[in-house]
Structures are given as C-alpha cells and as structure tokens.
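Numbers 9 to 168, taken from the numbering used here, label the letters of the sequence shown in order. Glycine is no exception: its CB is placed at the ideal position from the N, C-alpha and C atoms.
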Amino acid sequence: MPAQLLLNLFIAFLWMTLIDEDELKFTTFFAGYLVGIGIIFFMHRFFGTQFYLRRLFAIIKLLLIFISELTQSSIVVLKQILSPKLKIKPGIFKYETVLSSDSEVTMLSLLLTLTPGSVVMEVSPEGNVLYIHAMDVEQSKEGLISQLKNFEKAIMEVTR
9 MPAQLLLNLF IAFLWMTLID EDELKFTTFF AGYLVGIGII FFMHRFFGTQ FYLRRLFAII
69 KLLLIFISEL TQSSIVVLKQ ILSPKLKIKP GIFKYETVLS SDSEVTMLSL LLTLTPGSVV
129 MEVSPEGNVL YIHAMDVEQS KEGLISQLKN FEKAIMEVTR
C-alpha cells in the first residue's frame with residue numbers, strides 16, 4: 009500500500025512538471041493524482057497487493073459502521089436509563105471470534121468497549137474468545153452478536 013501511494017504521488021508531481029505552466033497549481037497536481045490513480049488501478053496486480061484505495065474505502069466503511077452502532081447503542085442505553093424503573097439483567101457471555109491476529113482482536117475489543125452498554129472483560133490467551141459484560145443480556149445479546157459480526161467483517165476488510 010505505501011508503495012502504491014508513493015508511486016501515485018510521484019506520478020502527480022511528474023504530471024505537474026510535464027504540464028507547461030508558469031506556476032504550480034493544486035488543480036494540476038490533483039489532475040495528475042487522478043491520472044496516477046487510473047494508472048495504478050490498472051497496474052496494481054503487478055504489485056502483488058490489492059489496490060490501495062480499496063483499503064481506504066474499507067477504513068471509511070468501518071468508521072461509518074462504528075458511528076452507526078455507537079448511535080444505536082447510545083439510544084438504547086438512553087432509553088433504559090430514562091425509564092422510571094430499571095428492567096435490566098446485566099450479565100456476562102462468551103463470544104468466539106473469527107479474527108486471528110492480536111491487532112484485529114484488539115480493534116474489535118476497543119470498538120465494542122467504546123459503544124455504550126457493553127464491555128470486553130477478558131480475552132482468552134489464544135485470542136479467539138471474548139468475555140463480554142452486557143448491560144442487559146436478555147434483550148441485547150442478539151444485537152451485540154450482530155454488532156460484533158458487523159465489526160469483524162469490516163475489520164477483516166481493513167486488515168486483510
């Protein structure tokens with residue numbers, strides 16, 4: 009990915025120098041960058057890696073999924089807090105993840121812990137089992153599992 013980005017920047021600067029202008033303009037650099045994106049897109053298979061903008065789109069997608077899940081879980085927690093009587097049953101459940109590397113499991117744990125209503129308490133030494141404390145296990149366990157699946161899928165798109 010860094011090699012593709014550096015090559016794209018080189019193409020953009022080369023484009024700026026080959027266009028005969030009296031002064032350097034951002035629009036000329038941007039046009040060269042777009043030309044570089046096209047060139048690298050057609051040649052990315054020779055690098056042995058995926059196209060670098062695909063990973064950028066995956067990162068943006070992960071960020072949007074996190075914001076969506078954060079908003080939804082905040083609303084659920086807010087409704088439970090503002091209700092006259094607390095009807096929650098907190099509890100702990102075990103979740104087996106399909107993520108393999110330490111960085112992926114850490115990212116999943118942090119994303120889940122940042123959303124209100126759930127906390128990753130422990131990760132097994134093998135790194136494939138998470139022990140999660142949920143504010144209301146009976147109602148939110150299925151929602152948390154679907155949230156975890158969404159996060160796992162988005163994290164795999166970013167890291168693999």
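- I163 is positioned such that its CB atom lies closer than 8 Å to that of M115.
- Spatial neighbours of V113 in its own chain (CB-CB distance under 7 Å, excluding positions within 5 residues in sequence) are listed in chain order as T105, L107, V131 and G135.
- Note that the C-beta distance between K69 and E165 is below 8 Å.
- Inclusion of Y139 and I100 in the CB contact set at 8 Å is warranted, their separation being smaller than that value.
- Taking a cut-off of 8 Å for Cβ pairs, the stretch 18-29 and the stretch 40-51 touch, as three or more such pairs fall below it.
- DSSP, read as helix, strand or coil, puts G99 in strand.
- Along the length of the stretch 80-167, whole beta strand (DSSP E) runs at least 3 residues long occupy 99-104, 126-131 and 137-142, reported in chain order.
- Under the three-state reduction of DSSP, Q12 is assigned to helix.
- Put simply, the backbone Cα of S154 is about 17 Å away from that of V85.
- 8 Å or more divides the Cβ of L122 from the Cβ of L156.
- Annotated three-state conformation of I27 is coil, per DSSP.
- Residue burial annotation: D144 is buried, with at least 16 other C-beta atoms found within 10 angstroms of its C-beta.
- In this structure, the beta-carbon distance from S148 to G125 falls below 8 Å.
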